[in-house]
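> Take a look at the following structure, please.
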Amino acid sequence: MLKLKNVSKYYYQDGVVAKGISNVNLELHLGEFVVITGESGSGKSTLLNVLSGLDSYEDGEMYINGEETSHYTEEDYLKYRRSYVSNIFQNFNLVNSYTVYENIELAFLMNGYNRSEVKKKVNELIEKVGLKKHKNTHTSKLSGGEKQRVAIARALANDTPIIVADEPTGSLDSKASKSILKILHEIAKDKLVIIVTHNKSEVEEYATRIIRMHDGNILENKVKNEINLDHNVQSIKVKDITFISKIRLGFRNAFNIPIKFLLMFGIFLLITITLITNYGSFKLAEYEEIDGYSPVFNNLSDQRIVINKKNKEAFSDDDYNQISKIKGVDYLVKEDLVIDYQTDINNEYTYLYGNLYLKEIDHVDQGSLPNNSNEIVIVCNKDNYYIYESEILNKSFYLNNNELVYVSGILYDDSYNLYNMSFYLKEEFREKIYLDILKSYSSIKYSFDNTTFNEFDIAVSNQVNKGEVYISDDIFDQEKINKDLKIEVSNIYDDNSLNLKVKGLYNDSNIKKLLNTSYIDSYLIYISYEDYVKLMGNNNYQSSVFVKDIKDLDYVCDNLNKLGINTLKMRDVKSNDAELVNNIVKIFKLIVTICLVLTLFFISYFIMRIIYKARNSYYTTLRTLGSTKNVCINILMNELITLATFTYTLFIIFIILIKNNLINNEYLSNITKYVNVFDYIVVYLILILISILMSLRYGIKIFKESIIKTYKEKI
Ligand code: ADP
Ligand code: MG
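Sequential numbering from 375 applies to the sequence shown in this note's numbering.
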């Protein structure tokens, strides 16, 4: 069934040609038990490797069942090996991290069997070689003789017609050698068994043919027993390993060597953390508060969006309703001008200034919530430099030099620094302040008949009825009483005018009685609140929306635009000046990050390479069991993907625990604040990509070398 005609094999190494075998002629048949002997270096292994298709030859011709093989490709040899030959090696070539059972099962799996269907066969083979009690022992724990039995059992798994063994007893003591040879003889019956040994005496009793080699030539070819069963030679049908088996092996390999598992876990974790933290800090930087200045706006909060309607109309309640319903909106400030207005409160001892507080509050830390519209709450840091409770609580102040107010309570808020503060007012009072602010932004004309005055200022008094006005007798005389004072107001939003009847003149002596105030300023004209509202315009044309989180800004703006509303983000207002610098900094950061990530990848890649160099023996074993390059790559890929997935899953669980405050890690919690599900998926895909690239490179690398070279390298 095997025939060599003038076959020669040379080795080329470093420019030197070494002779392996030369002009060998030989014919071997099924049923023979062939023993090849000879001194070391005589070409025994070379001959065996050529016969078993592990190595190619240069000259002559080898026939397999009469078929020429000189034109054979790597693939043809693989097919030949898989369907005809099983190897037994001097160094066993087992997977030491597998159990006896798993080692034998592996040979079946490589030929497309399912785990379940080979269970019985594997157990039979284990019994046949007498290792029943070691079935679940890792082969690293076995003696040499026991290991070789496993190798024999594995060689029998696929029932190939040819079994070759290169010095199968070379590493064993004489007792173990004996039993191994006995087993080999038992299984020989209808197969072609070829054994290389330099201890002829121990095999002589079994051999049907003895070949003696010397210097690459056959010195002697002695047939003791003529056997030829070639007419019923049968190669086995080979199938490729199943998809499920590849997944299974990948999974098993991922976890079965603890050291390797831990190292790979560490590497994948390192890559994950580097990617996520870099990416996270990028996003964090993007959403950081921008420092900036605006001549128009006072409140430069990053959460703020200033809005007005595209059709220039005032906002209706319906509009406000819709705006409040947009996801991500924290609160809405209808009287937008209030936000940018500096407010102060003062009395003879204290002067404090700040902004109006725009949200509703439901508690205070000192004092009490306001009951009346002239009670206010101060919101500030607990350690504010200027706030002394005793000097402030329940004391009276002038708000904006105008209204008399009482501080009913203090609310502490850590987000304030030690110097600034806000004033919380009840809603109706806030509206009044808004009108005052509007007034300060308006141009106002006062006229009797057609005589115009500009130097007046409006004051509101609840002592004045609607449609009436009080003026000072310093400037006007009695004849103005019951005359109409025309007031025209124009501001950026609105133009309004009213005719108010002069009801009376005030002076030092009657002002207390008429208007219930002792403050005197001859240029003030007193009108009712209703008229004040009418003049200033009680429509809101410009408002502000505050978002909960900066990352929602774009989403909220998009939705506002859809409602026909113009938007202006404070972030954009501020960043204009520094845009160029910011962009340069951003690009620079990006470059640094890419370099960092690439460096990390290369470091990880080299560590992985070192780790997987130690796995050469495993993949060589797979090759000797008939695995193609693709199968090796697939199994390794599955292993790496399993490891990556396992590591990443643990990482994600950790992140989830942090997000739910079950684990406290300020750093990760902060850095992952803006990392979303999509980003996590991208990072996972990067890990998968690394796994795929790694396995491709590794597979290509080990398959560059011939099987026998990688086998020799590993021992
Ligand atoms: P044996 O198995 O009988 O000890 P080998 O078949 O291994 O002999 O070697 C036969 C000859 O081929 C020896 O001279 C050896 O030096 C040479 N040889 C074997 N393998 C290689 C190799 N990979 N590279 C170079 N020379 C080799
Ligand atoms: Mg040898």
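The beta-carbon is built from N, C-alpha and C at its ideal position, and this holds for glycine as well.
1) Suppose you measure from the CA of residue 1022 to the CA of residue 650; what does that come to, to the nearest Å?
2) Taking C-alpha atoms, which residue in 637, 839, 597, 821 lies nearest to residue 831?
3) Report the option in 521, 956, 410 whose CA atom is closest to the CA atom of residue 597.
4) The beta strand (DSSP E) that contains residue 869, what's its start and end?
5) Less than 8 Å between the CB atoms is what I'm expecting for residue 914 and residue 709, so what's the real figure, rounded?
6) Rounded to the nearest angstrom, how far is the Cβ of residue 926 from that of residue 702, given a contact under 8 Å?
7) Answer with buried or exposed for residue 522, where buried requires no fewer than 16 other C-beta atoms within 10 angstroms of its C-beta.
8) On the premise that residue 719 lies in contact with residue 797, defined as a C-beta separation below 8 Å, what is that separation, rounded to the nearest angstrom?
9) With distances taken between CB atoms, is the gap from residue 425 to residue 452 smaller than 9 Å?
10) Alpha carbon to alpha carbon, how far is residue 392 from residue 487? Give it in angstroms, no decimals.
11) Identify which residue in 909, 725, 813 has its Cα closest to the Cα of residue 793.
12) Can the beta-carbon of residue 697 be found closer than 9 Å to that of residue 917?
13) Could you check whether residue 404 and residue 595 sit closer than 9 Å to each other, using their CB atoms as the reference points?
14) Within its chain, find whatever has a CB closer than 6 Å to the CB of residue 1006; leave out the 5 residues flanking it on each side and keep chain order.
15) Please go through the stretch 486-563 and give each complete beta strand (DSSP E) segment of 3 or more residues, from N-terminal end onward.
16) Might you give, ordered along the chain, the residues of its own chain that have their beta carbon closer than 8 Å to the beta carbon of residue 473, omitting 5 neighbours on each side?
17) Would the beta-carbon of residue 588 fall within 9 Å of that of residue 432?
18) Do you know offhand how far residue 716's Cα is from residue 673's?
19) Apart from the five residues just before and just after residue 675, which ones in its own chain have a Cβ nearer than 8 Å to its Cβ?
20) I want to check one thing, is the minimum distance from the CB of residue 436 to the heavy atoms of the ligand ADP below 8 Å?
21) Nearest-angstrom Cα distance between residue 1066 and residue 1011?
22) Considering only the beta carbon of each residue, do residue 748 and residue 790 sit closer than 9 Å?
23) To the nearest whole angstrom, what separates the beta carbons of residue 813 and residue 910, a pair I think is in contact under 8 Å?
24) Look up residue 583 in the DSSP assignment and say whether it is helix, strand or coil.
25) Just to confirm before moving on: does the CB-CB distance between residue 394 and residue 427 stay below 9 Å?
26) Kindly provide the ranges of any alpha helix (DSSP H) runs that are 4 or more residues long and lie completely inside the stretch 430-463, ordered along the chain.
27) Please check the pair residue 619 and residue 505, which I expect to be a contact at CB under 8 Å, by giving their CB distance rounded to whole angstroms.
In this structure, then:
1) 11 Å
2) 821
3) 410
4) Residues 869-880.
5) 6 Å
6) 3 Å
7) Classification of residue 522: buried, given that the 10 Å Cβ count is 16 or more.
8) 7 Å
9) no
10) 41 Å
11) 725
12) Taking C-beta atoms as the reference points, residue 697 and residue 917 count as a pair closer than 9 Å.
13) no
14) 993, 996, 1073
15) 536-540
16) 509, 510, 511, 512, 513
17) no
18) Put simply, the backbone Cα of residue 716 is about 10 Å away from that of residue 673.
19) 920, 944
20) no
21) The alpha-carbon of residue 1066 is positioned some 6 Å away from that of residue 1011.
22) no
23) 6 Å
24) strand
25) no
26) The DSSP assignment places 448-458 as complete runs of the alpha helix (DSSP H) inside the stretch 430-463, in order along the chain (cut-off: 4 residues).
27) The Cβ separation is near 23 Å, so there is no contact.
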